[in-house]
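The opening position of the sequence shown corresponds to residue 21 in our numbering, with each subsequent residue numbered one higher.
Just so it is clear, CB atoms sit at the ideal spot from N, CA and C, and this is done for glycine as well.
Remember, predicted model here, so these are calculated numbers, not experimental data.
Heads up, the thing below is written out as structure tokens.
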Amino acid sequence: MLLDNILTYDQKVIFSIICGGFWIFFRTSECYNLIPRLHIFPVIFVCTWIYLNYYDPLFLPIGLLILIAYSNIEVVTFYLKNLHIIDKKI
Numbered sequence: 021m022l023l024d025n026i027l028t029y030d031q032k033v034i035f036s037i038i039c040g041g042f043w044i045f046f047r048t049s050e051c052y053n054l055i056p057r058l059h060i061f062p063v064i065f066v067c068t069w070i071y072l073n074y075y076d077p078l079f080l081p082i083g084l085l086i087l088i089a090y091s092n093i094e095v096v097t098f099y100l101k102n103l104h105i106i107d108k109k110i
């Protein structure tokens, strides 16, 4: 599916395991706040992510990159709100 001409399935699995290991090693407590409880969007996102990961192991690092990007957007928004640079209704 993704990069099939460049990487074998086993190489994709190993790469995904390494990416997952780095994420687990360097995660912070904020990582757990990224997926709030009792909200439908995170459930749909994670279920879709799991489904796609069965088709191609490279979806694991792609999903982790999405979570990291989302967390950085949330952090920047939080700081801008506290500095009163942007409207607090965002």
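Within its chain, find whatever has a CB closer than 7 Å to the CB of residue i; leave out the 5 residues flanking it on each side and keep chain order.
| i | result |
| --- | --- |
| valine 33 | Pro77 |
| asparagine 53 | none |
Are the beta-carbon atoms belonging to residue i and residue j less than 8 Å from one another?
| i | j | result |
| --- | --- | --- |
| leucine 72 | phenylalanine 79 | yes |
| valine 66 | isoleucine 55 | yes |
| leucine 21 | tyrosine 75 | At residue 21 the sequence reads methionine, which differs from the leucine that was named. Taking 8 Å as the Cβ cut-off, methionine 21 and tyrosine 75 qualify as a contacting pair. |
Tell me where the alpha helix (DSSP H) around residue i begins and ends.
| i | result |
| --- | --- |
| isoleucine 38 | 29–46 |
| asparagine 53 | 50–53 |
At a Cβ threshold of 8 Å, is residue i touching chain B?
| i | result |
| --- | --- |
| proline 77 | Of the chains in the structure shown, none is chain B; there is only one protein chain. |
Cutting at 8 Å between CB atoms, please list the residues of its own chain near residue i, excluding the five before and the five after it.
| i | result |
| --- | --- |
| tyrosine 29 | Pro77 |
Kindly list the residues whose CB is nearer than 6 Å to the CB of residue i, restricted to its own chain and excluding five residues on each side of it in sequence; keep chain order.
| i | result |
| --- | --- |
| tryptophan 43 | Leu84 |
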